[in-house]
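Peer 1: This is the structure, below, for whatever I ask next.
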Amino acid sequence: NAGVTQTPKFRILKIGQSMTLQCAQDMNHNYMYWYRQDPGMGLKLIYYSVGAGITDKGEVPNGYNVSRSTTEDFPLRLELAAPSQTSVYFCASSSTGYEQYFGPGTRLTVT
Amino acid sequence: DAKTTQPTSMDCAEGRAANLPCNHSTISGNEYVYWYRQIHSQGPQYIIHGLKNNETNEMASLIITEDRKSSTLILPHATLRDTAVYYCIVRPRAQKLVFGQGTRLTINP
Numbered sequence: 026n027a028g029v030t031q032t033p034k035f036r037i038l039k040i041g042q043s044m045t046l047q048c049a050q051d052m053n054h055n056y057m058y059w060y061r062q063d064p065g066m067g068l069k070l071i072y073y074s075v076g077a078g079i080t081d082k083g084e085v086p087n088g089y090n091v092s093r094s095t096t097e098d099f100p101l102r103l104e105l106a107a108p109s110q111t112s113v114y115f116c117a118s119s120s121t122g123y124e125q126y127f128g129p130g131t132r133l134t135v136t
Numbered sequence: 002d003a004k005t006t007q008p009t010s011m012d013c014a015e016g017r018a019a020n021l022p023c024n025h026s027t028i029s030g031n032e033y034v035y036w037y038r039q040i041h042s043q044g045p046q047y048i049i050h051g052l053k054n055n056e057t058n059e060m061a062s063l064i065i066t067e068d069r070k071s072s073t074l075i076l077p078h079a080t081l082r083d084t085a086v087y088y089c090i091v092r093p094r095a096q097k098l099v100f101g102q103g104t105r106l107t108i109n110p
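Going down the list, the protein sequences come from chains A and B. Under our numbering, the first residue of the first sequence is numbered 26, with each subsequent residue one higher. Under our numbering, the first residue of the second sequence is numbered 2, with each subsequent residue one higher.
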């Protein structure tokens, strides 16, 4: 199993650009999550999903959108990128809702 | 939501047991205690979770007090690779995790 994979690993965006962060898992997990982590801080939940077709907001959803058309994929869309969205983005998945498995992260800089 | 209190940082000698405390005095009956760790720049790693009984797995042991108001994560034989930020999280099952500041554990040779 590859586990949770995220692409790209690094990205630099200009203010106002848009992009999609990709997340995929091959463990057939129903639960998937997107977090962001600012320097020196803990993780904050952006969006999560409990299954294909079902998504819900976390703590910091503004400026982001998600979709979950398949069990495997949970892309995160940034519209109109702002410097405040400079962060490391982690995707995670879980089968039971207890342990979450995290991907390696995407490091995004908006300038 | 139950809040947790952890020391900001701790040190431990390599080969010794590392004991990381967590206070969660407002925990509810349906809330679990989860421990995760984050090694520099990597995604967090699940360690262990428990409801009210002590738990042990290949990575660590979790000791929860009888009143459930505090817990201790024990790494029995700490190695340099255990240097990380350790997060104690209290949530109901399947609910979104809320990561605080955690404890920065440094294992010294």
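The C-beta atom is built at its ideal place from N, Cα and C for all residues, glycine as well.
Taking C-alpha atoms, which residue in A:V29, A:R132, A:G128 and A:T134 lies nearest to M52 of chain A?
Peer 2: Ranking A:V29, A:R132, A:G128 and A:T134 by Cα distance to M52 of chain A puts A:V29 first.
Peer 1: Please classify R92 of chain B: is it buried, with 16 or more other beta-carbons within 10 angstroms of its beta-carbon, or exposed?
Peer 2: Result: buried.
Peer 1: At the level of alpha carbons, what is the spacing between T80 of chain B and G16 of chain B?
Peer 2: C-alpha separation (whole angstroms): 6 Å.
Peer 1: Using a beta-carbon distance below 8 Å, is Y87 of chain B in contact with chain A?
Peer 2: Y87 of chain B does not count as touching chain A.
Peer 1: Just the Cα atoms here: how many angstroms apart are G103 of chain B and S92 of chain A?
Peer 2: Cα to Cα, the separation comes out at about 31 Å.
Peer 1: Quick one: is E32 of chain B buried, meaning 16 or more other Cβ sit within 10 Å of its Cβ, or exposed?
Peer 2: By the 10 Å Cβ count, E32 of chain B comes out buried.
Peer 1: From the beta carbon of G16 of chain B, is the nearest beta carbon of chain A less than 8 Å away?
Peer 2: G16 of chain B does not count as touching chain A.
Peer 1: Quick one: does R105 of chain B have its CB under 8 Å from some CB of chain A?
Peer 2: By this cut-off, R105 of chain B is not an interface position.
Peer 1: How do the region 54-63 of chain A and the region 19-31 of chain B stand: do at least 3 beta-carbon pairs fall below 8 Å, yes or no?
Peer 2: Touching, no, given that fewer than three Cβ pairs across the two stretches are closer than 8 Å.
Peer 1: Roughly how far, in whole angstroms, is the beta-carbon of N55 of chain A from the beta-carbon of G76 of chain A, given that I think they are within contact range, below 8 Å?
Peer 2: The pair is a contact, with the Cβ atoms about 5 Å apart (cut-off 8 Å).
Peer 1: Is the region 113-128 of chain A in contact with the region 2-12 of chain B, if contact means three or more CB pairs nearer than 8 Å?
Peer 2: No contact exists between the region 113-128 of chain A and the region 2-12 of chain B.
Peer 1: Report the neighbours of L74 of chain B on chain A: residues whose CB is nearer than 7 Å to its CB, in chain order.
Peer 2: What L74 of chain B touches in chain A: nothing, since even the nearest Cβ is about 15 Å away.
Peer 1: What residue ranges within the region 34-80 of chain A form continuous beta strand (DSSP E) runs of no fewer than 3 residues, ordered along the chain?
Peer 2: Within the region 34-80 of chain A, the complete beta strand (DSSP E) runs of at least 3 residues are 35-38, 44-50, 56-62 and 68-76.
Peer 1: Residues of chain A with CB under 9 Å from K97 of chain B, in chain order?
Peer 2: Within 9 Å Cβ-Cβ: Y58, L70, Y73, D81, G83 and E84.
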